[in-house]
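Residue numbers (our numbering): 1 to 321.
Glycine included, C-beta positions come from ideal geometry on N, C-alpha and C.
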Ligand SMILES: Cc1cc2nc3c(=O)[nH]c(=O)nc-3n(C[C@H](O)[C@H](O)[C@H](O)COP(=O)(O)OP(=O)(O)OC[C@H]3O[C@@H](n4cnc5c(N)ncnc54)[C@H](O)[C@@H]3O)c2cc1C
Ligand code: SF4
């Protein structure tokens with residue numbers, strides 16, 4: 001690990017000003033992703049700003065009946081919160097499917113959204129990787145790509161985003177609230193928060209240098225059956241091969257986002273119009289532009305069948321898969 005300096009932030013204002021003025025500074029929250037990356041020298045910040053002392057660990061009902069989740073709310077606390085369990089079950093289930101109890105006790109809402117890919121080449125500094133070292137190439141293209149993206153990828157990178165929580169937040173139309181070094185604030189729909197890789201896979205979100213996540217806001221509850229189905233190589237402590245976060249209404253309409261398939265949570269709203277006609281049609285519409293590799297073509301069958309199973313579980317009609 002490279003040497004770095006460390007400070008505990010006492011105000012958001014001071015934290016964002018320091019981060020905005022120093023491109024080599026990073027915020028640290030639970031540290032469960034950043035510290036691993038620093039030990040491997042994949043991330044090499046020269047200064048860490050510990051934000052754990054900031055009072056951003058509250059979950060509050062908003063004036064319109066939604067929910068505001070502070071950036072530092074731990075994954076365990078968010079999953080267990082009575083309003084989340086009652087009204088946003090999809091989010092609770094997605095969180096509980098991730099990592100382990102110990103990790104969830106440390107991991108924060110903001111850190112979870114910003115966790116980096118699990119592409120094995122990203123972690124192996126002997127291998128070319130455009131995300132780790134822009135311009136060096138992509139070892140996964142033509143290499144081992146079983147876990148990689150089947151849609152939305154580019155010739156520069158075919159990595160997937162690993163967060164389970166982000167899939168639920170995308171399906172629930174969450175909005176990320178941020179503040180920048182100059183004090184300006186933004187509300188970024190989760191749909192626009194993560195980027196597809198394009199030619200710059202090292203730029204993973206629309207956040208600017210030093211921009212700080214204050215909270216994630218959920219709109220008022222939408223009812224329906226909330227299902228998170230994660231398919232993985234072993235039953236726990238593993239990232240998704242594919243996952244589906246869905247809210248299905250009694251009349252068979254609904255919404256779904258898919259994990260493990262793209263560089264960001266994959267949701268095509270137009271495809272959801274097909275849901276009452278069956279999972280097969282909805283899958284076909286959402287994955288019309290899929291470009292799998294030989295090794296991960298199976299993920300498309302897996303998504304189609306998993307969506308079928310989710311619709312069936314919700315009591316939806318015409319589950320023809
Ligand atoms: C063994 C293992 C298994 C795992 N399995 C899963 C899994 O199955 N599913 C899953 O979804 N996740 C899984 N994870 C990932 C885990 O969920 C993330 O590591 C965790 O959520 C990151 O949160 P953190 O608070 O520790 O982030 P940190 O490591 O502290 O930070 C991560 C990034 O977020 C930035 N950051 C933190 N807070 C802010 C803020 N407020 N504003 C701006 N930037 C900020 C940091 O600068 C850093 O770049 C696993 C992790 C491990 C180690
Ligand atoms: S898929 Fe992306 S993260 Fe993986 S090796 Fe290629 S560029 Fe790197």
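State yes or no: is the C-beta of residue i nearer than 7 Å to some heavy atom of ligand 1?
| i | result |
| --- | --- |
| residue 164 | yes |
| residue 222 | no |
| residue 126 | no |
| residue 51 | yes |
| residue 31 | yes |
| residue 213 | yes |
| residue 108 | yes |
| residue 71 | yes |
Which residue or residues does DSSP assign as beta-bridge partners of residue i?
| i | result |
| --- | --- |
| residue 41 | Paired residues: none, contrary to the question. |
| residue 188 | 176 |
| residue 27 | 49 |
| residue 256 | 246 |
| residue 138 | 129 |
| residue 226 | 247 |
| residue 109 | Looking at the DSSP assignment, residue 109 forms no beta bridge with any residue, so it has no partner. |
I need the DSSP call for residue i, collapsed to helix, strand or coil.
| i | result |
| --- | --- |
| residue 122 | coil |
| residue 202 | coil |
| residue 169 | helix |
| residue 264 | coil |
| residue 321 | At residue 321 the pLDDT is 34, less than 50, meaning the model places this residue with poor confidence; the figure from the coordinates comes in the next sentence. Reduced to three states, the DSSP call for residue 321 is coil. |
| residue 85 | helix |
| residue 215 | strand |
| residue 231 | strand |
| residue 306 | helix |
Quick check on residue i: buried or exposed, where buried means 16 or more other Cβ atoms within 10 Å of its Cβ?
| i | result |
| --- | --- |
| residue 315 | exposed |
| residue 112 | buried |
| residue 121 | buried |
| residue 189 | exposed |
| residue 116 | buried |
| residue 233 | exposed |
| residue 204 | buried |
| residue 16 | buried |
Looking at the secondary structure, which residues open and close the beta strand (DSSP E) in which residue i lies?
| i | result |
| --- | --- |
| residue 71 | First-last for residue 71: undefined, no H or E at that position. |
| residue 243 | 242-248 |
| residue 5 | 5-8 |
| residue 60 | 59-61 |
If you measure from the CB of residue i, is any heavy atom of ligand 2 nearer than 7 Å?
| i | result |
| --- | --- |
| residue 372 | This structure leaves residue 372 out entirely; the chain is present only between 1 and 321. |
| residue 144 | no |
| residue 140 | yes |
| residue 75 | no |
| residue 296 | no |
| residue 104 | no |
| residue 262 | no |
Terminal residues of the continuous alpha helix (DSSP H) containing residue i?
| i | result |
| --- | --- |
| residue 271 | 269-272 |
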